[in-house]
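Undergrad:
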Amino acid sequence: MRIIKKGQISIASVCMVVGFLLALQFRMTEDMRATIPYQRIEELSDRLLSVEKERDALLKEVANLSSRLGGETETVLKQRAGLTPMKGEGVIIRMDDSKQNSRAGENQNLYIIHDDDILRVINELRAAGAEAVSINGQRLIGTSEVRCAGPTISVNNVRSSTPFEIRAIGKGKDLENALKMRGGVAETLKVWGIQMEITVSDAVYVPPYRGVIRFNYAKVAEEE
Numbered sequence: 027m028r029i030i031k032k033g034q035i036s037i038a039s040v041c042m043v044v045g046f047l048l049a050l051q052f053r054m055t056e057d058m059r060a061t062i063p064y065q066r067i068e069e070l071s072d073r074l075l076s077v078e079k080e081r082d083a084l085l086k087e088v089a090n091l092s093s094r095l096g097g098e099t100e101t102v103l104k105q106r107a108g109l110t111p112m113k114g115e116g117v118i119i120r121m122d123d124s125k126q127n128s129r130a131g132e133n134q135n136l137y138i139i140h141d142d143d144i145l146r147v148i149n150e151l152r153a154a155g156a157e158a159v160s161i162n163g164q165r166l167i168g169t170s171e172v173r174c175a176g177p178t179i180s181v182n183n184v185r186s187s188t189p190f191e192i193r194a195i196g197k198g199k200d201l202e203n204a205l206k207m208r209g210g211v212a213e214t215l216k217v218w219g220i221q222m223e224i225t226v227s228d229a230v231y232v233p234p235y236r237g238v239i240r241f242n243y244a245k246v247a248e249e250e
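Take 27 as the starting number for the sequence shown in this note's numbering and just add one per residue.
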């Protein structure tokens with residue numbers, strides 16, 4: 027929120043100057059009412075007019091700063107809520123079911139991707155600093171679910187099946203290393219032949235969340 031704080035400081039500074047000019051204007055008006063030489067009246071009138079113009083210009087600047095600050099605040103909030111598309115350095119992960127044949131007596135489900143496999147990948151990415159994540163074009167936000175829905179996986183109440191493409195924006199090498207570390211998610215899934223291809227890119231695009239966000243029970247409250 028540095029942008030917001032800088033904007034607030036700028037507005038406060040301008041308001042202090044406006045207050046000073048208003049006080050000066052009042053003082054000059056009182057001076058003109060006192061007994062003074064006539065030749066001074068014209069000089070003071072010119073000064074008063076100049077102060078009024080400067081005051082009006084500063085008031086206009088305050089209005090512009092307030093408007094701009096409001097716009098910047100809204101933009102930042104939308105970005106953090108996942109409502110705007112994002113692009114930057116990151117990774118693109120492609121996952122698919124195993125092509126191996128299960129052994130006699132083995133559970134075939136071990137060779138296909140489940141929701142907990144996807145969740146492990148997402149958790150590692152977020153722990154490594156991912157700032158925006160999507161699964162098959164569905165942007166993950168605070169209320170997003172990742173769960174099995176029959177033979178498919180549901181994300182934001184949208185079902186999709188393999189192959190899965192996970193996009194994450196963050197420091198590419200950190201994200202890649204988090205998945206490939208010894209004993210990590212990539213190594214574990216490889217045991218069952220689950221395919222995982224990780225590509226580091228300087229231009230990863232993550233789409234915005236396009237659903238509807240509703241709060242039926244949660245209400246804004248003061249901090250306890």
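Heads up, the beta-carbon is just placed ideally off N, CA and C, and yes, glycines get one too.
(1) Assuming Ile167 and Gly108 make a contact with CB atoms under 8 Å, what is their CB distance in whole Å?
(2) Identify the residues that DSSP records as bridge partners of Ala158: which are they?
(3) When the Cβ atoms of the segment 222-237 are set against those of the segment 127-138, are three or more pairs found closer than 8 Å?
(4) Quick one: using the 10 Å Cβ neighbour count with 16 as the cut-off for buried, is Leu151 buried or exposed?
(5) Return the residue from the list Arg94, Ile239, Val117, Ser76 that minimises the CA-CA distance to Asn183.
(6) Please go through the same chain and pick out, in chain order, the residues whose beta-carbon is closer than 8 Å to the beta-carbon of Arg165, but skip the five residues on each side of it.
(7) Confirm, please, whether the CB-CB distance from Ile118 to Ser227 is below 7 Å.
(8) For Met222, which residues in the same chain have their Cβ closer than 7 Å to its Cβ, ignoring the five residues on either side in sequence?
(9) Using CA atoms only, rank isn't needed, just tell me which of Val77, Lys79, Tyr243, Ile195 is closest to Gln105.
(10) Just to check my reading of the structure: Asp123 and Ile144 have Cβ atoms closer than 8 Å, yes? What is that Cβ distance to the nearest angstrom?
(11) Using the Cβ count rule (16 or more neighbours within 10 Å means buried), how would you classify Met207?
(12) Which residue spans inside the segment 170-235 form an unbroken alpha helix (DSSP H) run of at least 4?
(13) Let me make sure I understand the geometry here. Which of Gly155, Trp218, Lys245, Lys86 has the alpha-carbon closest to that of Glu132?
(14) Quick one: what does DSSP say Ile29 is sitting in, helix, strand or coil?
(15) If you reduce the DSSP assignment to three classes, tell me which class Gln105 lands in.
(16) What residue range is occupied by the uninterrupted beta strand (DSSP E) comprising Ile167?
(17) Could you check where the alpha helix (DSSP H) with Arg152 kicks off and where it finishes?
(18) What are the boundary residues of the beta strand (DSSP E) that includes Asp122?
(19) Can you tell me the Cβ-Cβ gap for Gly163 and Lys197, rounded? I've got them flagged as a contact below 8 Å.
(20) From this set, Thr169, Ser180, Arg185, Lys79, which residue's C-alpha is nearest Asn242's C-alpha?
(21) Residues in its own chain within less than 7 Å of Gln134 by CB, not counting five upstream and five downstream?
TA: From the atom records:
(1) Gly108 and Ile167 do touch by the CB rule: their CB atoms are close to 4 Å apart, below 8 Å.
(2) As a beta-bridge residue in DSSP terms, Ala158 pairs with Ile195.
(3) Under the Cβ criterion (8 Å, minimum of three pairs), the segment 222-237 does not count as touching the segment 127-138.
(4) Buried, since its Cβ has 16 or more Cβ neighbours within 10 Å.
(5) Among Arg94, Ile239, Val117, Ser76, the Cα nearest to that of Asn183 belongs to Ile239.
(6) So the qualifying residues of the chain are Gly108, Ala158, Val159, Asn182, Val232, Pro233, Pro234, Tyr235, Arg236.
(7) It is a contact, given that the beta carbons lie within the stated cut-off.
(8) So the qualifying residues of the chain are Ile119, Met121, Ala212, Leu215.
(9) For the options Val77, Lys79, Tyr243, Ile195, the alpha carbon positioned closest to that of Gln105 is the one of Ile195.
(10) In this structure Asp123 does not touch Ile144 by the C-beta definition: roughly 13 Å separates them, more than the 8 Å allowed.
(11) Burial state of Met207 is exposed, judged by a 10 Å Cβ sphere holding fewer than 16 other Cβ atoms.
(12) Along the segment 170-235, the alpha helix (DSSP H) occurs as fully enclosed runs of 4 or more residues at 198-206, 211-217, listed in sequence order.
(13) Comparing Cα-Cα distances from Glu132 to each of Gly155, Trp218, Lys245, Lys86, the minimum goes to Trp218.
(14) With a pLDDT of 46 at Ile29, under the threshold of 50, the modelled position of this residue cannot be trusted, and the question is left open.
(15) Correct three-state label for Gln105: helix.
(16) For Ile167, there is no enclosing beta strand (DSSP E), as DSSP marks it with neither H nor E.
(17) Taken as a continuous stretch (DSSP letters only), the alpha helix (DSSP H) holding Arg152 covers 141-153.
(18) Looking at the DSSP string, the run of the beta strand (DSSP E) that includes Asp122 is 112-122.
(19) That belief does not hold up - the Cβ atoms of Gly163 and Lys197 are roughly 23 Å apart, past 8 Å.
(20) Measuring from the Cα of Asn242, the nearest candidate turns out to be Thr169.
(21) Excluding sequence positions up to five before and after Gln134, its CB lies within less than 7 Å of the CB of Ser128, all in the same chain and listed in chain order.
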